[in-house]
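Written out below as structure tokens is the structure these notes cover.
In the working numbering, the protein residues as written are 2 to 160.
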């Protein structure tokens, strides 16, 4: 049976806020990039579209978080009587924090697909429309990627 994280409980609401805040901060960086580096002139497109992308990144990250929690639970049940391995390097400790891996996966793939689709779109469209298409396409691809990770890595079957 898959783990279903109840995000509104007092145990997981801080993780939900941290994930949502990180996704919002990431989209603020993309607003800055769009305004100053990509010369997108429409304030409505630059502000409203990243709000939707923030929500999409949030849901994708929570899906990946639940898949990693499922795998971690299985590993903990198998290795609960083993000795601890001692001190870990600081980079390994940062990567072992529960929300870092899902956020890194989403941010890396969003950035890659955004710039690829933006530069393909700039051939046929103007800056504003290319930004609009790239944000939506990247958010959609990230949601599909999160679903794929949940199905293949976490082996979660919801229904």
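The beta carbon of each residue, even a glycine, is placed where N, CA and C say it ideally should be.
Check your understanding: Helix, strand or coil: which one does DSSP assign to residue 97?
Key -> Taking the first residue of the chain shown as 1, we reach residue 97 at position 96. Here DSSP, grouped into helix, strand and coil, assigns residue 97 to coil.
**Study point:** Pick from 27, 100, 129, 67 that is closest to residue 140, judged by C-alpha positions
**Key:** Along the chain shown, read from residue 1 onward, the residue named residue 140 stands at position 139. When each option's Cα is compared against that of residue 140, the closest is 27.
Exercise for review: Leaving out five residues on either side along the sequence, give the residues of the same chain with a beta carbon under 6 Å from the beta carbon of residue 119.
Suggested key: For the purposes of this step, residue 119 is taken as residue 118 along the chain shown, with counting starting at 1. Only 131, 135 meet the Cβ criterion.
**Study point:** Selection from 31, 95, 66 that minimises the alpha carbon distance to residue 1
**Key:** The displayed coordinates of the chain run from 2 to 160. Any statement about residue 1 would go beyond what the structure contains.
Review point. From residue 147 to residue 25, what distance separates their C-alpha atoms?
Key: Counting from 1 along the chain shown, the entry for residue 147 is found at position 146. Counting from 1 along the chain shown, the entry for residue 25 is found at position 24. Cα to Cα, residue 147 sits roughly 18 Å from residue 25.
Practice item. Look at residue 104 and residue 20 and say whether their C-beta atoms are less than 8 Å apart. Key: For the purposes of this step, residue 104 is taken as residue 103 along the chain shown, with counting starting at 1. For the purposes of this step, residue 20 is taken as residue 19 along the chain shown, with counting starting at 1. For residue 104 and residue 20, yes; Cβs fall inside 8 Å.
Check your understanding: What do you get for residue 90, buried or exposed, if any count of 16 or more other CB atoms within 10 angstroms of its CB means buried?
Key -> Against the chain shown, residue 90 aligns to sequence position 89. Counting other Cβ atoms within 10 Å of its Cβ, residue 90 stays below 16 and is therefore classed as exposed.
Check your understanding: Among 46, 63, 58, which has the Cα closest to the Cα of residue 15?
Key -> Taking the chain shown and counting its residues from 1, the one referred to as residue 15 is at position 14. With distances taken between Cα atoms, residue 15 lies closest to 63.
Practice item. Note down the Cα distance separating residue 94 from residue 125, rounded to an integer number of angstroms. Key: Numbered from 1 along the chain shown, position 93 holds the residue referred to as residue 94. Numbered from 1 along the chain shown, position 124 holds the residue referred to as residue 125. So the two alpha carbons sit approximately 45 Å from each other.
Review point. Once you ignore the five residues that flank residue 55 on each side, which residues in its own chain have a CB closer than 6 Å to its CB?
Key: Walking along the chain shown from the start, residue 55 turns up at place 54. Around residue 55: 24, 25, 28.
Exercise for review: State yes or no: is the C-beta of residue 142 within less than 8 Å of the C-beta of residue 98?
Suggested key: By one-based count along the chain shown, residue 142 stands at place 141. By one-based count along the chain shown, residue 98 stands at place 97. Against a cut-off of 8 Å, the Cβ pair of residue 98 and residue 142 comes out as no contact.
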